[in-house]
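Asker: Just dropping this structure here.
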Amino acid sequence: MSASIDIQPVAGALGAEISGIDLSGDLSNAEFDAVHQAFLDHQVIFFRDQHDLQPDAHKAFASRFGSLNVHPYVAGMESHPEILEIIKEPDEKLNFGGGWHSDMSFLEEPALGSILHAIEVPPYGGDTLFASQTAAYEALSPGMKAMLEDLTAIHSASREYSSKGASAQARQSMQAQQADDAPEYEHPVVRTHPETGRKGLYINPAFTLRFKDMTTRESRPLLEYLFAHSREERFTCRFRWSKGAVAFWDNRCCWHYALNDYQGFRRHMRRVTVNGDRPV
Ligand code: SIN
528 MSASIDIQPV AGALGAEISG IDLSGDLSNA EFDAVHQAFL DHQVIFFRDQ
578 HDLQPDAHKA FASRFGSLNV HPYVAGMESH PEILEIIKEP DEKLNFGGGW
628 HSDMSFLEEP ALGSILHAIE VPPYGGDTLF ASQTAAYEAL SPGMKAMLED
678 LTAIHSASRE YSSKGASAQA RQSMQAQQAD DAPEYEHPVV RTHPETGRKG
728 LYINPAFTLR FKDMTTRESR PLLEYLFAHS REERFTCRFR WSKGAVAFWD
778 NRCCWHYALN DYQGFRRHMR RVTVNGDRPV
């Protein structure tokens with residue numbers, strides 16, 4: 528590892544802040560390996576003062592982890608369709624990502640990770656919370672783990688991006704389409720991380736509709752229990768943004784939540800999402 532890279536955990540369950548890296552430059556193989564290992568070890572990593580991270584460099588860094596996603600329901604930048612401009616204007620009430628979720632579990636091959644760059648931040652508030660789904664899984668009883676092992680969940684964008692869904696409601700600053708007829712995909716409730724081999728819960732308050740072979744009503748009590756368990760404080764960390772900061776989270780093993788507590792101020796972020804593989 529390069530001698531100048533420093534990695535400081537921010538909480539017990541997940542999250543680390545990395546200094547000594549300029550993401551806008553060509554990372555050496557040693558620097559890339561250190562960042563990659565920190566990403567696997569900490570599930571979400573943070574960098575400050577990445578003021579030179581222009582869209583091309585943002586995409587170039589993300590591309591080192593995989594191919595880039597073009598969101599099927601939310602329009603990206605005109606010149607960079609792989610970059611979502613996540614903007615909340617001072618007079619807007621809704622915020623994108625304002626509920627616990629991982630990104631894009633409504634795809635057959637959901638996102639590996641998302642890299643969010645702060646362009647403009649409010650003077651206070653607008654933090655993002657993260658929750659480790661491996662820590663949540665590991666804290667379950669042996670009986671609950673055994674029961675969940677064979678369960679499959681149905682994921683779809685159909686509810687969140689429906690005409691009534693929070694992610695598709697009209698906004699001034701982001702164009703999101705309605706997707707009432709979005710496809711459904713099956714994913715295991717307990718997912719083995721393809722790189723670390725760690726098991727974690729893989730359900731999603733935004734996109735999990737029900738368990739396979741069960742009705743929505745039958746599924747709801749267990750899903751609600753797991754959703755509440757998975758966001759317990761002991762599994763979380765919190766990132767206070769500053770202009771130029773970057774967060775890179777692993778959607779295969781953590782959730783995130785964008786807080787909506789800065790009414791009257793503008794917040795502008797850019798997100799690049801790296802495609803992942805089929806959960807097993
Ligand atoms: C997201 O859910 O991708 C947005 C997170 C944030 O804006 O903090």
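The numbering used here puts the first residue of the sequence shown at 528, with every later residue one more than the last. Note that the Cβ used here is the ideal one computed from N, Cα and C, for glycine as well.
(1) Among Arg794, Thr679, Gly625, Leu567, which one has its Cα closest to the Cα of Met741?
(2) Would a C-beta distance cut-off of 9 Å place Arg798 and Ile548 closer than the cut-off?
(3) Which one of Ser769, Gly727, Glu665, Leu750 has the shortest CA to CA distance from Phe738?
(4) For the segment 534-544 and the segment 558-570, state whether three or more C-beta atom pairs, one from each stretch, are separated by less than 8 Å.
(5) Measure the alpha-carbon distance for Asp618 versus Pro806 and round it to whole angstroms.
(6) What would DSSP say about Ser606, mapped onto helix, strand or coil?
(7) Which of helix, strand or coil does DSSP assign to Ala584?
(8) Within the present structure, is the beta-carbon of Ser531 separated from the nearest heavy atom of ligand 1 by less than 8 Å?
(9) Who does Tyr784 pair with in a DSSP beta bridge?
(10) Can you check which of these residues, Arg794, Ser606, Leu728, Asp579, is closest to Ser659 by C-alpha distance?
(11) Please classify Gln704: does DSSP put it in a helix, a strand, or coil?
(12) Can Ala809 be considered in contact with ligand 1, in the sense that its beta carbon sits closer than 8 Å to one or more heavy atoms?
Answerer: Considering the structure as presented:
(1) Thr679
(2) no
(3) Leu750
(4) yes
(5) 39 Å
(6) coil
(7) helix
(8) no
(9) Leu656
(10) Leu728
(11) coil
(12) Beyond the ends of the chain as shown, which are 528 and 807, falls residue 809; an answer cannot be given.
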